[in-house]
Structures are given as structure tokens and as C-alpha cells.
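A.B. asks: The sequence shown begins at 2 in my numbering and counts up by one.
Let me give you the structure first, and then I'll get to my questions.
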Amino acid sequence: MRRHAGVLAVISGGGAVGSVARYLVELALPTRPGSFPWGTFAVNIVGCLLVGLLMVLVTEVWQTGRYLRPFLGVGVLGGFTTFSTLAVETHALAARGQWLLTNVYVVGSVLAGLTAVWVGVILARLLARRPLGRRARR
2 MRRHAGVLAV ISGGGAVGSV ARYLVELALP TRPGSFPWGT FAVNIVGCLL VGLLMVLVTE
62 VWQTGRYLRP FLGVGVLGGF TTFSTLAVET HALAARGQWL LTNVYVVGSV LAGLTAVWVG
122 VILARLLARR PLGRRARR
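Next comes the structure, spelled out in C-alpha cells:
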């Protein structure tokens, strides 16, 4: 455990940053019972875009130390995004009998999330001016 203390510390710090950011988005986009949960949808889609973008930059483009990837990926983005809240909100919509909204939320979240990761990867590679199929040598 002592060997991983530095990594655990940066993950904790990143998690605090991401969690506070998510809380601020939820304050800005509150969800009323029975309405579309825009706050959770926004943090999950933005988080997917950022994970696609940042993980390409961190693993293929930038020369980084061992702490940046866990800080950003597990810490900041792990604290920012939330699958459990998506599940709770989906259950609440279904319990109210709002099946169309429930399905739009679930399917829309998955499709938009996958698309956002893909867009993030492409953006990162365009920003780095690297061909899409090229990988960093290790």
C-alpha cells in the first residue's frame, strides 16, 4: 500500500475536484421529479468527451509522469461522472411510469456517451496532428 501512496493521493485529489465540479453542474441544472435529468446527462457526456480526449493525449501524445493519468482519469473524471445517479434517476422515471422518457434517457446516455468518447479521441488526434491509426511506441 505504501508503494501506491502517491497514486492514491492524486486520485483522491482528482476525485475531490471532479465531485465538486459535478455538484456545481447539478446546482446549475437541477432535476425536478419526472423531468429529464439534464445535469447528470451533461456530466456523463462531457466526462465521456474528456476521457476520450485526455486519455489519448496522456497515453499517446504527452510525455507525462506516472501521476497525471490516474489524477485525470480515475480521479477527476471518475468523480465528475456518475453511473449510479443515472441508474437511480432511470429507476425514478420508470417508477413514475414515464417509459418514453426513461428509454430516451438510457439509450440517449449510452449513444451520446459512446459518440462523445469517439469525438474526444478524434479531437485529441487532430489536435496532436497524428494519423488516426498511429500509436505511441512503448
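Beta carbons: idealized from backbone N, C-alpha and C, even for Gly.
All values derive from a computational prediction rather than experimental measurement.
1) Do residue 78 and residue 48 have their C-beta atoms closer together than 8 Å?
2) Please report the straight-line C-alpha distance between residue 26 and residue 44, rounded to a whole angstrom.
3) Could you compute how far the alpha carbon of residue 40 sits from the alpha carbon of residue 90?
4) For residue 46 versus residue 113, is the C-beta distance shorter than 8 Å?
5) In chain order, which alpha helix (DSSP H) runs of at least 4 residues are fully inside the stretch 8 to 50?
6) What's the C-alpha gap between residue 106 and residue 71?
7) Could you tell me how far apart the beta carbons of residue 15 and residue 94 are, in whole angstroms, since I believe they sit closer than 8 Å?
8) Would you identify the three-state DSSP class for residue 98, choosing helix, strand or coil?
9) Using three-state DSSP, classify residue 2 as helix, strand or coil.
10) Measure the C-alpha to C-alpha separation of residue 103 and residue 130 and round it to an integer number of angstroms.
11) For residue 57 versus residue 122, is the C-beta spacing smaller than 8 Å?
C.D. replies: So, to answer that:
1) yes
2) 7 Å
3) 11 Å
4) yes
5) none
6) 29 Å
7) Rounded to the nearest angstrom, the Cβ distance from residue 15 to residue 94 is 31 Å, too far for a contact under 8 Å.
8) Secondary structure at residue 98: coil, using DSSP grouped into helix, strand and coil.
9) coil
10) 40 Å
11) yes
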